[in-house]
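In full-length UniProt numbering, the protein residues as written are 1 to 151.
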């Protein structure tokens, strides 16, 4: 009896987690090239930064022919002044209330059937540009996300 209850609760928990991970989030981003451009896309909360970059770079390639030959691994994702590593999911960052210099990296508001990030617009930029310019502003302010750091 007790074993069945535990199994039922575990199944219910798994189902609820799957629903949460499948929820959509709308994310705004820009391609960091000195122009004022802004894009957005909806993706599941379970999406990794790596997968998000694959989708976002495909969108950017339509407007920026100079990046058409590049793979998504040639880019980095910067939210506020924090470089987010590829292996994190948006769910990881949201559930752990990832922080930047100005507070939470993700400020979510509920829209019809999805959450929208109302925080700062993220930057997608070429890793090569970052490596070449990381000693000058604004790149010299950026740091790699550390979940253990108290911001």
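For glycine and all other residues, C-beta sits at the position ideal for the given N, C-alpha and C.
All figures in this text were calculated on a predicted structure; none of them were measured in a lab.
Please report the distance separating the alpha-carbon of residue 151 from that of residue 139.
Only weak support is given to the placement of residue 151: the predicted model assigns it a pLDDT of 49, under 50, and the value that follows is read from those uncertain coordinates. The straight-line gap from Cα to Cα measures roughly 18 angstroms.
Sort 21, 116, 125 and 129 by Cα distance to residue 48 and report the nearest one.
Distances from the CA of residue 48 to each of 21, 116, 125 and 129 were compared; the closest alpha carbon is that of 21.
DSSP three-state label for residue 45, please.
Of the three classes helix, strand and coil, the one that applies to residue 45 here is coil, per DSSP.
Residues near residue 116 by beta carbon distance below 6 angstroms, same chain, minus five either side:
The beta carbon of residue 116 sits closer than 6 angstroms to the beta carbons of 26 and 109 from its chain, once the five residues preceding and following it are set aside; these are given in chain order.
Taking only three categories from DSSP, how would you classify residue 64?
Note: residue 64 maps to coil in three-state DSSP.
Counting C-beta neighbours from all protein chains within 10 Å, is the total for residue 196 16 or more, i.e. buried, or is it exposed?
A question about residue 196 goes unanswered here, because the residues of the chain that appear run from 1 up to 151.
Boundaries (first-last residue) of the beta strand (DSSP E) holding residue 123:
Unbroken beta strand (DSSP E) run through residue 123: 122-126.
Enumerate in chain order the residues of its own chain whose CB-to-CB distance from residue 32 is below 7 angstroms, with the five nearest sequence positions on each side excluded.
Contacts found: 123, 124 and 125.
What is the rounded straight-line gap between the Cα of residue 75 and the Cα of residue 99?
Rounded to whole angstroms, residue 75 to residue 99 spans 22 angstroms at the Cα level.
Using the beta-carbon count (16 or more within 10 Å), is residue 103 buried or exposed?
With fewer than 16 Cβ atoms within 10 Å of its Cβ, residue 103 is classed as exposed.
Which residues in the same chain as residue 130 place their Cβ atom closer than 7 angstroms to its Cβ, once the five residues preceding and following it in sequence are excluded?
Taken in chain order, the residues that qualify are 76 and 139.
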